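Asker:
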Amino acid sequence: MSAFAGGPARFVAVFALCACAVDPYRLDAPRSASGVELAPYALHEECFRLDVGERIDFYFESVVPVAFNIHYHDGNAVVMPVARDNATQESGDFTADRKEIYCLMWEAGAEPSALEYRVRPRR
1 MSAFAGGPAR FVAVFALCAC AVDPYRLDAP RSASGVELAP YALHEECFRL DVGERIDFYF
61 ESVVPVAFNI HYHDGNAVVM PVARDNATQE SGDFTADRKE IYCLMWEAGA EPSALEYRVR
121 PRR
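Residue numbers (the working numbering): 1 to 123.
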């Protein structure tokens, strides 16, 4: 039996269920990237959901210094539990103290930069 059997309403219901099955913020496996280019004053984010007590480890390296932070949004406020200015390399562990969508963020200064990074869940 096809998803189209039963008319458009059934197709929409099946499509909606399939679309909800994937959580783009779920961090089940390591995420990494290399050769990420940052134009002057541009930024790049890698975001994921953490529950209270969940941990990650992270690492990055950049060609020229960048501003780096781990942040989440609380209403209109941006809360940065980790913030580093002018960093070319950083690594560490981070434990969430509240359930949020956290983002690793890199921002280039006046000079363009390129970076590589890795973030992985610690269970």
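Note that the Cβ used here is the ideal one computed from N, Cα and C, for glycine as well.
If you're wondering where the values come from, they're calculated on a predicted model, not measured in any experiment.
1. Mapping the DSSP letters down to three states, classify D74 as helix, strand or coil.
2. With a Cβ-Cβ cutoff of 9 Å, do H73 and V79 count as a contact?
3. Report the residue from Y117, A39, A108 and G75 whose alpha carbon sits nearest the alpha carbon of E100.
4. Taking only three categories from DSSP, how would you classify G35?
5. Taking Cβ positions, are T88 and V63 nearer each other than 9 Å?
Answerer: According to the data block:
1. Here residue 74 refers to the residue found at position 74 of the sequence shown. Three-state DSSP puts D74 in a strand.
2. On the sequence shown, position 73 is the one that residue 73 refers to. On the sequence shown, position 79 is the one that residue 79 refers to. Yes, the Cβ-Cβ distance between H73 and V79 is below 9 Å.
3. Position 100 of the sequence shown, counted from the start, is the residue given in the question as residue 100. Shortest Cα-Cα distance from E100 to any of Y117, A39, A108 and G75 involves G75.
4. Sequence index remark: in the sequence shown, residue 35 carries index 35 (1-based). In the structure shown, G35 sits in a strand (DSSP, three-state: E or B).
5. Here residue 88 corresponds to residue number 88 of the sequence shown, with the count starting at 1. Here residue 63 corresponds to residue number 63 of the sequence shown, with the count starting at 1. Contact check for T88 against V63 passes: the beta carbons are separated by less than 9 Å.
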